[in-house]
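Number of protein chains: 2
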Amino acid sequence: MDAPRWLDEREDRAWRGYRRMRRLLDLELARELMQDAGLSEPDYDVLSDLSETPDQRLRLSELADRMLWSRSRLSHHLARMQQRGLVTREECPSDGRGSIVVLTPAGRRAIEAAAPGHVAAVRRHLIDLLTPEEMDALAALSHRVVDHLAGPDRGRAAPTAADPAA
Amino acid sequence: MDAPRWLDEREDRAWRGYRRMRRLLDLELARELMQDAGLSEPDYDVLSDLSETPDQRLRLSELADRMLWSRSRLSHHLARMQQRGLVTREECPSDGRGSIVVLTPAGRRAIEAAAPGHVAAVRRHLIDLLTPEEMDALAALSHRVVDHLAGPDRGRAAPTAADPAA
DNA sequence: ACGGGTTGGATGACATGTCAACGACTGGGT
DNA sequence: ACCCAGTCGTTGACATGTCATCCAACCCGT
Numbered sequence: 001m002d003a004p005r006w007l008d009e010r011e012d013r014a015w016r017g018y019r020r021m022r023r024l025l026d027l028e029l030a031r032e033l034m035q036d037a038g039l040s041e042p043d044y045d046v047l048s049d050l051s052e053t054p055d056q057r058l059r060l061s062e063l064a065d066r067m068l069w070s071r072s073r074l075s076h077h078l079a080r081m082q083q084r085g086l087v088t089r090e091e092c093p094s095d096g097r098g099s100i101v102v103l104t105p106a107g108r109r110a111i112e113a114a115a116p117g118h119v120a121a122v123r124r125h126l127i128d129l130l131t132p133e134e135m136d137a138l139a140a141l142s143h144r145v146v147d148h149l150a151g152p153d154r155g156r157a158a159p160t161a162a163d164p165a166a
Numbered sequence: 001m002d003a004p005r006w007l008d009e010r011e012d013r014a015w016r017g018y019r020r021m022r023r024l025l026d027l028e029l030a031r032e033l034m035q036d037a038g039l040s041e042p043d044y045d046v047l048s049d050l051s052e053t054p055d056q057r058l059r060l061s062e063l064a065d066r067m068l069w070s071r072s073r074l075s076h077h078l079a080r081m082q083q084r085g086l087v088t089r090e091e092c093p094s095d096g097r098g099s100i101v102v103l104t105p106a107g108r109r110a111i112e113a114a115a116p117g118h119v120a121a122v123r124r125h126l127i128d129l130l131t132p133e134e135m136d137a138l139a140a141l142s143h144r145v146v147d148h149l150a151g152p153d154r155g156r157a158a159p160t161a162a163d164p165a166a
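The listed protein sequences derive, respectively, from chains W and S. Residue numbering for the first sequence follows UniProt numbering, starting at 1 and increasing by one per position. Residue numbering for the second sequence follows UniProt numbering, starting at 1 and increasing by one per position.
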C-alpha cells in the first residue's frame, strides 16, 4: 500500500453519509422500538426470524447463521429472552447436541404487537424518503456488497493476497 | 396504526439488503482494521476526528457531538485509549469543568499507520463496487435520511405526535 | 465397536456500551 | 455578591457482545 489512494470528494460524501445514516437511523429505530414495544432490535430480529418460520421453531445454529450472529452471542441472548418468557428451548430429536429455539405464545404476541409500529418507523425514517430509483439502487448496491463479502471466502479468513491453501 | 402497510417486495429487498450489508461490511472492516493496525473502529474514529483538527485537540463534548456519541461513552473510551497512550486529557482554560482531548505522538503514528490500509479496505469492499450513479444515490439518500432525523427535533425527544412543549 | 477429529452449544472472563446519578463549575437574574 | 438552573465530564452499576474453552454427541474409517 505505497500510494494510498484517498477518497475523492464524491466518494467521501457517500462514505460519510452512509456512516452517519447508519448511526442515526439505528439509534432512532432502536429508541422507538424500545419505547413502543419494550424490545431491543436484537430481540426483534430473533422474534421476527422465528415467527417467519413454519413451526415457529429453528435450530439454534440455523438461526445464528441467518442472523449472521455467533452461536455464542445467540446462546447468551436466548438465555435472557428465555427468562422473559419470549422463547424456550427444546431438545433436538435428530441430534443429541442440538437445541431448538421455539417461539412462545408470549413471544408471538410480542412480535405481532411490535411489528406494525416498527415497520411504520422504518418507512417514516427511511423507505418513504427514497425515490423508486434510489430504492432500487440501494437494493442493488447492498446485495452486490454482500455477495462480494460472502463470495471470496465463504465466511472464512482474509482473502487479501497469496494464500498457501490451494 | 390500524392498517399496517407492510413493505412490498422492492422495499423489502432494499431494507434487507441494507441491513445485511451493514452487518457484513462492519464485521469485515473491523476485522481487517484490528488485524492490520491493532485498532477497533471506535478507536479509529476517535483518532481520525482528532487528527483532522488543526491542533490535534478537541473539547470532549465537541468530539462527542461530532461522533454522535454520548459523553459518557466517550469518557469511558478515552480512559482506555489514554491507558494505551493514544490520547491525553488537558484542562480547559476557558471552562473549569471542561477537558480537552489531545492526540499524542503515538496516537498520530497509529492513525497514520492505519489510515492507508483502512481506506483501501473501504474501497475494496464498498466504494470500488459502486457505479458513479450508485455512489451519488447513496450520498444523496443518506444525507436526506440524516437531515430528516436531525431536523424535526435537533437530537432531542420523540417527534412522533402532538408535543405539549411549544 | 472403537478412536480420532469435528461440530453444536454452553459457559466464564472480559471488553464495550448504556443509563442514572453525582460533584464541579458556569452564567444570568436579582 | 449571591442564588440557582443548567451544563460538563466522571463514575458505578448494569446490559450486551466477544473470545477462548469446554463437554457431549456426531461422523467416519477401520
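C-beta atoms are modelled at their ideal positions from N, C-alpha and C, and glycine is treated no differently.
Kindly indicate if chain W contains any beta-carbon less than 7 Å away from that of residue i.
| i | result |
| --- | --- |
| glycine 151(S) | no |
| proline 116(S) | yes |
| glutamate 41(S) | no |
| residue 167(S) | The structure shown has nothing for residue 167(S), since chain S only spans 1 to 166. |
| alanine 110(S) | no |
| leucine 68(S) | yes |
| alanine 161(S) | Its pLDDT being 36, under 50, alanine 161(S) is placed unreliably in this model, and the coordinates cannot settle the point. |
What first and last residue would you give for the beta strand (DSSP E) that runs through residue i?
| i | result |
| --- | --- |
| residue 207(S) | The requested residue 207(S) is not part of the displayed model; chain S covers only 1 to 166. |
| isoleucine 100(W) | 99-103 |
| leucine 58(W) | 57-59 |
Just to make sure I have the definition right: I need the residues of chain W whose C-beta is within less than 8 Å of the C-beta of residue i. Which are they?
| i | result |
| --- | --- |
| aspartate 136(S) | Arg10, Ala14 |
| alanine 64(S) | Near alanine 64(S) there are no residues of chain W at all, since even the closest Cβ is about 13 Å away, more than 8 Å. |
| glutamate 133(S) | Ala137 |
Strictly below 7 Å CB to CB, what residues from chain S border residue i?
| i | result |
| --- | --- |
| arginine 144(W) | Leu129 |
| methionine 21(W) | Ser142, Val145, Val146 |
Could you work out which residues of chain S lie near residue i, taking near to mean beta carbons separated by less than 8 Å?
| i | result |
| --- | --- |
| valine 122(W) | Leu7, Trp15 |
| proline 4(W) | Ala115, Pro116, Val119, Ala120 |
| glutamate 28(W) | Leu149 |
Could you pull out every residue in the same chain whose Cβ sits closer than 8 Å to the Cβ of residue i, ignoring the five residues on either side in sequence?
| i | result |
| --- | --- |
| alanine 37(S) | Tyr44, Ala110, Ala113, Ala114, Gly117, His118 |
| arginine 57(W) | Leu50, Glu90, Ile100, Val101, Val102, Leu103 |
| alanine 30(S) | Ser40, Glu41 |
| glycine 155(W) | Bear in mind that the predicted position of glycine 155(W) carries a pLDDT of just 40, short of 50, making it unreliable; the figure below should be weighed with that in mind. So no residue of the chain qualifies. |
| tryptophan 15(W) | Leu7 |
| methionine 67(S) | Asp45, Val46, Asp49, Leu74 |
| serine 70(W) | Ala64 |
| leucine 149(W) | none |
| histidine 125(W) | Leu25, Glu28, Leu29 |
| glycine 85(S) | Thr104, Ala106, Gly107 |
| residue 172(S) | Residue 172(S) lies beyond the residue range present for chain S, which begins at 1 and ends at 166; the question has no answer from this structure. |
Assuming residue i is part of the alpha helix (DSSP H), what are its boundary residues?
| i | result |
| --- | --- |
| tryptophan 15(S) | 9-37 |
| proline 54(W) | Looking at the DSSP string, proline 54(W) is not in any alpha helix (DSSP H), and its letter there is neither H nor E. |
| leucine 78(S) | 71-83 |
| arginine 144(S) | 132-150 |
Under 9 Å between beta-carbons, which chain S residues line up against residue i? List them in chain order, please.
| i | result |
| --- | --- |
| histidine 125(W) | Val145, His148, Leu149 |
| tyrosine 44(W) | In chain order: nothing, as chain S lies at least about 12 Å away. |
Counting only Cβ pairs nearer than 9 Å, list the residues of chain W close to residue i.
| i | result |
| --- | --- |
| glutamate 52(S) | Here the premise fails: no neighbours, minimum Cβ distance about 12 Å. |
Under a CB-based cut-off of 7 Å, is residue i close to chain S?
| i | result |
| --- | --- |
| alanine 37(W) | no |
| leucine 24(W) | yes |
| alanine 165(W) | With a pLDDT of 37 at alanine 165(W), under the threshold of 50, the modelled position of this residue cannot be trusted; read the value that follows with caution. For alanine 165(W), the answer is no, since every Cβ of chain S falls outside 7 Å of its Cβ. |
For residue i, which residues in the same chain have their Cβ closer than 7 Å to its Cβ, ignoring the five residues on either side in sequence?
| i | result |
| --- | --- |
| methionine 34(W) | Ser40 |
| glycine 96(S) | none |
| leucine 88(S) | A quick correction: the sequence has threonine, not leucine, at residue 88(S). For threonine 88(S), where only same-chain residues beyond five positions count, the Cβ hits under 7 Å are Gln82, Val102, Thr104. |
Using a Cβ-Cβ cut-off of 6 Å (strictly less than) and excluding sequence neighbours within five positions of residue i, which residues of its own chain qualify?
| i | result |
| --- | --- |
| alanine 140(W) | none |
| alanine 121(W) | Leu29, Glu32 |
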